[in-house]
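As structure tokens, the structure follows; a few thoughts come after it.
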């Protein structure tokens, strides 16, 4: 394959290449695309000089290398791309040592290093990438002990096919434990009451969604949703979320189908966090306030690059 001039006009924002050995001239053509946001190489051959050149692209956000050798030296060059959000590397011999060059990188959010030589010793460098929220480690040399060291990163979601669901759950528990204040404000009875309140809310919303399938969007549906929130939740505006903004899921997977409680955290003298795992293996955190002796559900947050508001 030879790069055609029309493929590399200055307005081009994405380029994909497959099964090609690049010349210096062809890389220079790519560099003419000053607006380039995404660049993908599959089964390609690049020199270290080419990686150094690629790092000069001023707006690059997404880089993908599949079956294309990326070395730790290559990573040193790529770390100079200040706009980089996503870096996908699949099937390469790098050890991960080059990721130390990404220390304090201000944008990098998602890294894949699948089928690489990344190991326990090089995991430490990922801890120094503050915006990193997703790390895919399929088929690497990382051990379970190594995985547990990543729990120090409070916003990081790790996906790795070398570990069982139970091991990933243990990692996530350790990650939460490291963020807890280790205070206890509520009695066992109070905690059980809070859990019961949340369970009853789940059941009420699931039943409401079942009825929504029958009657559709109407005033009656809005009123029923408002009544549920009045019974279980704090009184405040919820713009864009229920009950102000209506939406519902369909059977058999209603909003709170198979939501399993996993943990609690005594956040303050009046605030309790209850953590759950949903049917899609996502982590959720529910905030409950103790108001005049009664628990009220305030918010739901979903774990994705830290805890982000999701809406009840």
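Residue numbers (UniProt numbering): 1 to 312.
Heads up, the beta-carbon is just placed ideally off N, CA and C, and yes, glycines get one too.
Distance from the CA of residue 263 to the CA of residue 73, rounded to the nearest whole angstrom, comes to 42 Å.
For the pair residue 41 and residue 17, the CB atoms are nearer than the 8 Å cut-off. For a cut-off of 8 Å, the C-beta gap from residue 158 to residue 171 is around 7 Å, short enough to register as a contact. Cβ neighbours of residue 250 within its own chain (closer than 8 Å, five residues either side excluded): 209, 213. The DSSP-derived three-state label of residue 195 is helix. Looking at the backbone, the Cα of residue 176 and that of residue 282 are separated by about 14 Å.
With a threshold of 16 other beta carbon atoms within 10 Å, residue 33 meets it and is buried. In the DSSP assignment, residue 59 falls outside any alpha helix (DSSP H), carrying neither H nor E.
Every unbroken stretch of the alpha helix (DSSP H) spanning 4 or more residues and falling wholly within the region 29-86 is given here in chain order: 48-54, 72-78.
Note on residue 165: under 16 other CB atoms within 10 angstroms of its CB, so exposed under the neighbour-count rule. Within its own chain, the residues whose Cβ lies closer than 6 Å to the Cβ of residue 87, once the five positions on either side in sequence are excluded, are 63, 111, listed in chain order. In the three-state DSSP reduction, residue 242 falls in the coil class, being neither helix nor strand.
When 186, 207, 300 are compared, the shortest CA-CA separation from residue 238 is found for 300. Annotation: the continuous beta strand (DSSP E) that includes residue 16 extends over 14-21.
Residue 242 and residue 293 have their C-alpha atoms some 25 Å from each other. Taking one beta carbon from each stretch, the region 95-108 and the region 119-132 have 3 or more pairs nearer than 8 Å; the two touch. Between the C-alpha atoms of residue 89 and residue 207 there is a straight-line separation of about 45 Å. Inclusion of residue 133 and residue 155 in the CB contact set at 8 Å is warranted, their separation being smaller than that value.
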